[in-house]
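To keep things clear, I will list the structure first and then write my remarks on it.
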Amino acid sequence: MEIMRKIPKASMDDEEIIRSVLNGNRNDYEFIMRRYNERLYRIGISILKDESDVEDIMQETYIKAYKNLETFKQQSKFSTWLTRIMVNESLAKLKYRKRFEQLGDTETDNTPSYFTHSETPEKQFMQKELRGIIENAVKSLPQKYQTVFMMREIENMNVQETAKSLNITNENVKVRLHRAKELLKTNITLASGTPEIFPFLQNRCDRVVSFVLENIRS
Numbered sequence: 034m035e036i037m038r039k040i041p042k043a044s045m046d047d048e049e050i051i052r053s054v055l056n057g058n059r060n061d062y063e064f065i066m067r068r069y070n071e072r073l074y075r076i077g078i079s080i081l082k083d084e085s086d087v088e089d090i091m092q093e094t095y096i097k098a099y100k101n102l103e104t105f106k107q108q109s110k111f112s113t114w115l116t117r118i119m120v121n122e123s124l125a126k127l128k129y130r131k132r133f134e135q136l137g138d139t140e141t142d143n144t145p146s147y148f149t150h151s152e153t154p155e156k157q158f159m160q161k162e163l164r165g166i167i168e169n170a171v172k173s174l175p176q177k178y179q180t181v182f183m184m185r186e187i188e189n190m191n192v193q194e195t196a197k198s199l200n201i202t203n204e205n206v207k208v209r210l211h212r213a214k215e216l217l218k219t220n221i222t223l224a225s226g227t228p229e230i231f232p233f234l235q236n237r238c239d240r241v242v243s244f245v246l247e248n249i250r251s
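In terms of this note's numbering, the sequence shown opens at residue 34 and continues consecutively.
Spelled out as structure tokens, the structure:
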């Protein structure tokens, strides 16, 4: 019976789920989180470059959005509103970090194991190497270009939604995306069949969902 209950709600649009949550079905907020976890992660990692910080900011974003659902004005899409919160929270965290952390590059290799395909070890290795090259190239982009690249090319957000999320003009979105692609071309040659980059793995998804649901239930 639980499965039968979840299937139709998972296919509902954002506004229908929000109405359900506001009517007292707080657990339905899980559908919103699982729908947007990967998008928020990719945008967060483009700004913060640290997986642990991104998870924390995702949790804060969902909690902040939940607390403000009643004041959400449907003048823009919910996804745009939620993305804007994530961008603002990430930029605030970045500003705090730059102000207080010591100088020095503490970047570590947190590359997870992504591949579970039934392919030869050699092909899996080549895919992992290729994706590593692509991800490193994307990470090396200046933050303002990287975030636009993530939104437009990885998340397939349109120009208008990207512009609203970042509070910039449509023309700026186009210019930044063009510049990002030009910078990438100097480092890599994109190949067909490239595996998905910057995935938000299931264990991370579950961790964020569990934390937020526990918070909003308390």
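Beta carbons: idealized from backbone N, C-alpha and C, even for Gly.
Source: prediction; values computed, not measured.
What is the residue span of the alpha helix (DSSP H) that residue i lies within?
i, result
"residue 111", "111-133"
"residue 185", "Here residue 185 belongs to no alpha helix (DSSP H), and DSSP marks it neither H nor E."
"residue 17", "Only positions 34 to 251 of the chain appear in this structure, which leaves residue 17 out of reach."
"residue 85", "84-100"
"residue 47", "47-55"
"residue 240", "235-250"
"residue 174", "No alpha helix (DSSP H) contains residue 174, which DSSP labels as neither H nor E."
"residue 64", "62-81"
Determine the closest residue to residue i out of the options, with distance taken between C-alpha atoms.
i, options, result
"residue 120", "55, 129, 94", "94"
"residue 190", "174, 207, 175", "207"
"residue 115", "231, 84, 74", "74"
"residue 112", "217, 218, 195", "195"
"residue 237", "193, 90, 173, 198", "90"
"residue 66", "83, 56, 88, 84", "88"
"residue 126", "98, 118, 110, 81", "81"
"residue 172", "59, 76, 246", "76"
"residue 168", "215, 129, 231", "231"
"residue 86", "45, 129, 217", "129"
"residue 246", "61, 44, 216", "61"
"residue 239", "83, 218, 92", "92"
Go through its chain and collect everything with a Cβ distance to residue i's Cβ below 6 Å, but skip five positions before and after it.
i, result
"residue 178", "209, 212, 213"
"residue 187", "75"
"residue 79", "179, 180, 183"
"residue 71", "233"
How would you label residue i, buried or exposed, when you count the other beta carbons within 10 angstroms and need 16 or more for buried?
i, result
"residue 174", "buried"
"residue 235", "exposed"
"residue 123", "buried"
"residue 101", "exposed"
"residue 51", "buried"
Enumerate in chain order the residues of its own chain whose CB-to-CB distance from residue i is below 8 Å, with the five nearest sequence positions on each side excluded.
i, result
"residue 137", "Any reading at residue 137 is ruled out, since the residue's pLDDT is 49, under 50, leaving its predicted position unreliable."
"residue 48", "107, 111"
"residue 193", "203"
"residue 45", "53, 64"
Excluding the five sequence neighbours on either side, which residues of its own chain have a C-beta within less than 7 Å of the C-beta of residue i, listed in chain order?
i, result
"residue 118", "94, 97, 98"
"residue 69", "112, 115"
"residue 242", "63, 66, 67"
"residue 103", "55"
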